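Here the structure comes first, spelled out in C-alpha cells, and everything after it is commentary.
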Amino acid sequence: MISKAFDTIKKYDVIVIHRHQNPDGDAMGSQLGLKRVLQQNFPDKKIYA
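Per the working numbering: the sequence shown = residues 3 to 51.
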C-alpha cells in the first residue's frame, strides 16, 4: 500500500496535504507528520501542509 502511494507521489512535483476544517491536535499532527515523512523521502518535491 505504501509503495503504491509513493509511486503516485513520484508523478508530481508539488504535493498539497489537506485536513478537515476546525482541526483538532490529531489532525494537525498527522498532517505535519506526513509532510515530514514525505520531505525525508522526496527532498526535491515542494510539499505544502
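Glycine included, each C-beta is placed from N, C-alpha and C at the ideal position.
Predicted model only: the values in this text are computed from it and were never measured.
In angstroms with no decimal places, state the Cα-to-Cα distance between residue i and residue j.
i     : j     : result
Val16 : Asp9  : 14 angstroms
Pro45 : Lys12 : 11 angstroms
Asn43 : Lys37 : 10 angstroms
Ser32 : His20 : 10 angstroms
Gly27 : Ala51 : 14 angstroms
Lys47 : Leu34 : 15 angstroms
So what's residue i in DSSP terms, helix, strand or just coil?
i     : result
Ile4  : helix
Ile19 : coil
Lys37 : helix
Would you say residue i reaches chain C, if we count a Cβ-Cβ gap shorter than 8 angstroms as a contact?
i     : result
Asp46 : Among the chains in the structure shown there is no chain C, since it carries only a single protein chain.
Once the 5 residues before and after residue i are set aside, which same chain residues still bring their CB inside 7 angstroms of it?
i     : result
Gln41 : Ile49
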